[in-house]
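Okay, so here's the structure we're looking at.
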Amino acid sequence: MKSDIVQQTQNLLNMIAKRDLNDDEKKQLIDETVDNFNSYINPGFLKYRKSFSPDYVAVEWADSGSTFTCVKGIEYIDCLGGYGIYNVGHRHPKVLKAVTDQLNRQALHSQELLDPLRGYLAKILADLTPGNLKYTFFTNSGTESVEGALKMALLATGRRTVIAAVGGFHGKSLGSLSATSKYETKRNKND
1 MKSDIVQQTQ NLLNMIAKRD LNDDEKKQLI DETVDNFNSY INPGFLKYRK SFSPDYVAVE
61 WADSGSTFTC VKGIEYIDCL GGYGIYNVGH RHPKVLKAVT DQLNRQALHS QELLDPLRGY
121 LAKILADLTP GNLKYTFFTN SGTESVEGAL KMALLATGRR TVIAAVGGFH GKSLGSLSAT
181 SKYETKRNKN D
């Protein structure tokens, strides 16, 4: 079992290192990706993807600038911009250089020692924001940001009611789901 996992991991590292896949590798990657989503992530996830149907599957392979390419070589314009994380495009050379420089020195901070870059970024954000906005609450996702905003709203107002806009989506945590407009995600399944 352990040797199978080690081999699977090595196969993935080999795939990551490749620039191109042959037709058999493409088919295997597509089939295994769909199977992995169904078996290990959430079978319902595929139901809501525009990139998946019984007749068509788009599996990401590469990206550059404002586009990404699926395993089959079809290029797509990224109109979502990674929900905001690609505001300078995919793999922008200046971003790649900064990330590579940082990784070559230190991959991640320790969580215990003070991280100077976090302090510098917080100062820059304070300098950029209007009024007396001074403190930064760093998060790892939009959902975590929504959770923080809901907590601040509750503390500031004492109110527990959340107004949701039609078509709004704010994440999948309990708090952020309370701000979504999709009834099926909010209703009690026992009703």
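Position one of the sequence shown corresponds to residue 1 (our numbering), numbered consecutively onward.
Cβ coordinates follow ideal geometry from the N, Cα and C atoms, glycine included.
Residue from the options whose Cα sits closest to the Cα of residue i
{"i": "alanine 62", "options": "Lys18, Val99, Leu133", "result": "Lys18"}
{"i": "valine 71", "options": "Phe169, Val162, Gln28", "result": "Gln28"}
Contacting residues, own chain, Cβ-Cβ under 6 Å from residue i (five flanking each side not counted)
{"i": "serine 51", "result": "Ala58"}
{"i": "phenylalanine 137", "result": "Gly148"}
Where residue i falls, given that 16 or more other Cβ within 10 Å makes a residue buried
{"i": "leucine 150", "result": "buried"}
{"i": "threonine 157", "result": "exposed"}
{"i": "phenylalanine 45", "result": "exposed"}
{"i": "threonine 129", "result": "exposed"}
{"i": "threonine 180", "result": "buried"}
Span of the alpha helix (DSSP H) around residue i
{"i": "aspartate 23", "result": "23-36"}
{"i": "phenylalanine 45", "result": "43-47"}
{"i": "aspartate 4", "result": "2-17"}
{"i": "valine 146", "result": "142-157"}
{"i": "leucine 174", "result": "174-177"}
Extent of the continuous beta strand (DSSP E) run through residue i
{"i": "glutamate 75", "result": "75-77"}
Residues of its chain near residue i, where Cβ-Cβ distance is below 7 Å and the 5 sequence neighbours each way are ignored
{"i": "isoleucine 30", "result": "Val57, Val59, Val71"}
{"i": "serine 176", "result": "Thr143, Val146, Glu147, His170"}
Close beta carbons around residue i, own chain, < 8 Å, minus the five adjacent residues each side
{"i": "glycine 89", "result": "Ser64, Gly65, Ser66"}
Let me know the beta strand (DSSP E) ranges lying completely inside the stretch 59-119, each 3 residues or longer, listed in chain order. As far as the stretch 59-119 is concerned, its whole beta strand (DSSP E) runs of at least 3 residues are 60-64, 67-70, 75-77.
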